[in-house]
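Notes to accompany the following structure.
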Amino acid sequence: MYMSRNFFIFLSISLLSLLLLGCEGQTPEEYNNEFETKFDQCFERAKLRCENLSSKACEEKSRQRCESFLGTKDNPIIK
C-alpha cells in the first residue's frame, strides 16, 4: 500500500519536473518574442543569399526558407 503510494508521488513529481524543465521558464509572450527575433534574423540572413532575384521573389524565398527551418508563429518547429 505505502510502496504504491510512494511510487505514485515519485512519478507525479518526476513528470511535473519534466514539464517545468520543458518550458524553460518562458511565458507565451516571451516565447513569441524569441521566435519573432529568431525568424527576423533568419529572414535577414536568407535575403543576403539571394542572387539574380527580384526583391519580391527574394523575400518570398527567404520567408519559405525560414519557415521550413523554424516553422511559423502559429506552428513552430520545436527543437
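Okay, so the sequence shown: first residue is 24 according to my numbering, each after it adds one.
Where a beta carbon is used, it is the ideal one built from N, C-alpha and C, also for glycine.
All values derive from a computational prediction rather than experimental measurement.
1. Is Thr50 close to chain D, meaning its C-beta is less than 8 angstroms from at least one C-beta of that chain?
2. Are the stretch 85 to 98 and the stretch 51 to 64 in contact at 8 angstroms, needing three or more beta carbon pairs?
3. How would you label Ser85, buried or exposed, when you count the other beta carbons within 10 angstroms and need 16 or more for buried?
4. According to DSSP, which residues form a beta bridge with Gly94?
5. I need the boundaries of the alpha helix (DSSP H) containing Cys65, first residue and last residue.
6. Using three-state DSSP, classify Glu82 as helix, strand or coil.
So, from the data block:
1. Given the protein chain composition of this structure (a single chain), no chain D is represented.
2. Contact between the stretch 85 to 98 and the stretch 51 to 64 is present, with at least three C-beta pairs closer than 8 angstroms.
3. Position 62 of the sequence shown, counting from 1, holds the residue named residue 85. Around the C-beta of Ser85, 16 or more other C-beta atoms lie within 10 Å, and the residue is accordingly described as buried.
4. Looking up residue 94 in the sequence shown gives position 71. In the DSSP assignment, Gly94 is bridged to Pro99.
5. The sequence position of residue 65 within the sequence shown is 42, counting from 1. Here the alpha helix (DSSP H) through Cys65 covers Pro51 to Lys70.
6. On the sequence shown, residue 82 is found 59 positions in, with the first residue counted as 1. In the three-state reduction of the DSSP assignment, Glu82 falls in the helix class, which pools H, G and I.
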